[in-house]
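Have a look at the structure below before the remarks.
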């Protein structure tokens, strides 16, 4: 046992901010809480940390239980521990965030802590349980900061995408209008996109060229010291 | 009380990585532990979180108790929670980091958890208690990453400094040799240094010009979207 144990009640949890991108819209995965506190209210998916799991494993477990996804990239975001953030006791929560490709069959919650889960546009987030609106705000800041320096957005797009879709992703996340010509020149100049020689199918407008992101090429460019600031 | 309380013993702590810069050398503040576990071993200054303090306040308290410094900039670094990181139980620790100006009278520990405190060169760090070598490694990565994009180093220098001292700081932290001419051109071009019209005193070599960092000017340049990548 610890020699200097705080004699107040405390515990720790993990909360995941899971971003997806769908129909030109940045979304996050929210649950409806099945437990006190805030029962019935929308919240970030989260849970107490189990005795035998490291923090990274806990975050991966919660994502798996919600979406069935394994091996998704999860990154620690920030730890929130204000004295009164949880109405039932002192709970410090370690927030993680993840970018995933939304698929229609993603959501099969096998979890006790959520009644249901759904993707919600970040422009339509309701009042969430605990300090979860604040956690989401910090995650959005991190995502926007990273997007300016690293091509993180590709984890949100389908494997094959058009340059318009890519530009729409940047515009939606950064909430700015981007000049199309400059954007295309710059993003193609980065030299990590592969033109697939295919075009979109079943679209009402003129079909556009499809590209994919060459992650290995990107990683070798990073090692060479290239800078990808947009 | 929490409705779903984990029935294993757990608690949380804060550990501070406090960087200083002295005689051309990047240093961190280490303590000799006065308590179990790892009694007598060198460690990052840290303590359990008190019942009525937020995490940021806890980090500031620990820094104050060690150095007497108030209002120093402390930034949350990362949270470490591997199952076996603490031999006496499950302890998740939230690490903070800070850059301060070393003064000779900084160290008057008024604390129970440390026998003594001292500044140690990052090139001569011994085996530390717990996972503190790993925490320091992550803090160094963060510091190096930030130094490339933001002029964080000024918090480590005296208020008046020479361009040689500034270059020495970058070289010491980034562990690279920097071309003097390019460095001066670039750093002066950033337009956030003020030449004081004074020179060094009591030096054996030719006295160099002194500068100060204009933080307000820097902040207004950041708002205008300027980039300070070295």
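Chains as they are written, first to last, in the numbering used here: chain B, 1004 to 1233; chain S, 1004 to 1233. In this text, a Cβ means the ideal position worked out from N, Cα and C, and glycines have one as well. In this text, all values refer to a predicted model and were calculated from it rather than measured experimentally.
Between the options, which has its C-alpha nearest residue i's C-alpha?
i              : options                        : result
residue 1152/B : 1018/B, 1231/B, 1059/B         : 1231/B
residue 1082/S : 1068/S, 1093/S, 1097/S, 1033/S : 1097/S
residue 1193/B : 1026/B, 1024/B, 1221/B         : 1221/B
residue 1054/B : 1033/B, 1085/B, 1014/B, 1191/B : 1014/B
residue 1045/S : 1077/S, 1086/S, 1133/S         : 1133/S
residue 1169/S : 1060/S, 1207/S, 1233/S         : 1233/S
residue 1027/S : 1189/S, 1172/S, 1227/S         : 1172/S
residue 1022/B : 1057/B, 1157/B, 1164/B         : 1157/B
residue 988/B  : 1184/S, 1126/S, 1067/S, 1057/S : Given a span of 1004 to 1233 for chain B in the structure shown, any question on residue 988/B remains unanswerable.
residue 1025/S : 1067/S, 1126/S, 1091/S         : 1126/S
residue 972/S  : 1195/S, 1074/S, 1128/S         : Lying before the first or after the last residue shown, residue 972/S is absent from chain S, which here runs from 1004 to 1233.
residue 1177/B : 1203/B, 1197/B, 1074/B, 1145/B : 1145/B
residue 1167/S : 1229/S, 1213/S, 1037/S         : 1213/S
Flag this pair as yes or no: are the beta carbons of residue i and residue j separated by less than 7 Å?
i              : j              : result
residue 1105/S : residue 1052/S : no
residue 1102/S : residue 1159/S : yes
residue 1130/S : residue 1035/S : no
residue 1048/B : residue 1072/B : no
residue 1234/S : residue 1165/S : Summary: the structure shown does not reach residue 1234/S, with chain S confined to residues 1004 through 1233, and so no result is reported for it.
Mind checking who residue i pairs with in its DSSP beta bridge?
i              : result
residue 1077/S : 1101/S
residue 1124/S : 1030/S
residue 1214/S : 1164/S, 1198/S
residue 1051/B : 1016/B
residue 1063/B : None; residue 1063/B has no bridge partner.
residue 1024/B : 1029/B
residue 1035/B : 1045/B, 1119/B
To the nearest angstrom, report how far apart residue i and residue j are at their CA atoms.
i              : j              : result
residue 1174/B : residue 1150/B : 11 Å
residue 1050/S : residue 1019/S : 9 Å
residue 1217/B : residue 1121/S : 48 Å
residue 1086/B : residue 1080/B : 19 Å
residue 1032/B : residue 1124/B : 9 Å
residue 1077/B : residue 1063/B : 7 Å
residue 1116/S : residue 1029/S : 25 Å
residue 1147/S : residue 1138/S : 14 Å
residue 1060/S : residue 1141/S : 22 Å
residue 1092/S : residue 1100/S : 24 Å
residue 1186/S : residue 1155/S : 16 Å
residue 1219/B : residue 1206/S : 52 Å
residue 1075/S : residue 1215/S : 19 Å
On the CB-based measure, 16 or more other CB atoms within 10 Å of its CB, does residue i come out buried or exposed?
i              : result
residue 1243/S : In the structure as shown, chain S begins at 1004 and stops at 1233. Residue 1243/S is therefore absent and cannot be evaluated.
residue 1004/B : Because the pLDDT at residue 1004/B is just 39, under 50, the model does not fix this residue reliably, and the value given afterwards should be weighed accordingly. That one is exposed.
residue 1008/S : Confidence is the limiting factor: at residue 1008/S the pLDDT is only 47, short of 50, which leaves the residue's position unreliable, though a coordinate-based value still follows. Burial call: exposed.
residue 1039/B : exposed
residue 1201/S : exposed
residue 1042/B : exposed
residue 1191/S : exposed
residue 1095/S : buried
residue 1208/S : exposed
residue 1143/B : buried
residue 1084/S : buried
residue 1179/B : exposed
Given the structure, does residue i come close to the ligand HEM, in the sense that its CB is under 6 Å from one of the ligand's heavy atoms?
i              : result
residue 1089/S : Because no ligand of any kind appears in the structure shown, any question about the ligand HEM cannot be addressed here.
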